[in-house]
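Working notes, structure below.
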Amino acid sequence: MTTVSYNARERRVVIDDDGWPVDADRVASAITACGEPDHLLVVDLTYLPSVPAAISDAVDAACRELQAGGCPVRVWTAAPVSA
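If you're matching positions, the sequence shown starts at 134 in the working numbering and goes up one per residue.
Next up, the structure:
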């Protein structure tokens, strides 16, 4: 199961993979729940061995929603996005 955790001190959402598939909407909801206007939020995908397209799309949509609300977002990745 994929886990999503939030480090308030670092303002960082970490998505960690223990196995797919995962509900992309759950990941997006976790990201949007952590964002606050005028406070940078880091979405850390560096623990994922690959980023499935559904997760990539969900993260992208969540980040756009937060940015529209005034929350700057930075996404960290280490893996290529799969199609």
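Backbone N, C-alpha and C fix where the C-beta goes; we use that ideal spot for every residue, glycine too.
DSSP on residue i, reduced to helix/strand/coil?
i	result
S138	strand
L181	coil
E198	helix
D149	strand
Buried or exposed for residue i, going by 16 or more other Cβ atoms inside 10 Å?
i	result
D177	buried
A141	exposed
L173	exposed
A161	buried
A191	buried
A195	buried
Can you list, in chain order, the residues of its chain with a C-beta nearer than 8 Å to that of residue i? Leave out the 5 residues immediately preceding and following it.
i	result
P170	G202, G203 and C204
Contact criterion: CB-CB distance below 8 Å. Does residue i meet it with respect to chain C?
i	result
I188	Within the model displayed, chain C is absent; a lone protein chain is all it includes.
Can you name, in chain order, every residue of its own chain whose Cβ lies under 7 Å from the Cβ of residue i, other than the five neighbours on each side?
i	result
E279	Because residue 279 is not part of the residues shown, which for the chain are 134 to 216, the question remains open.
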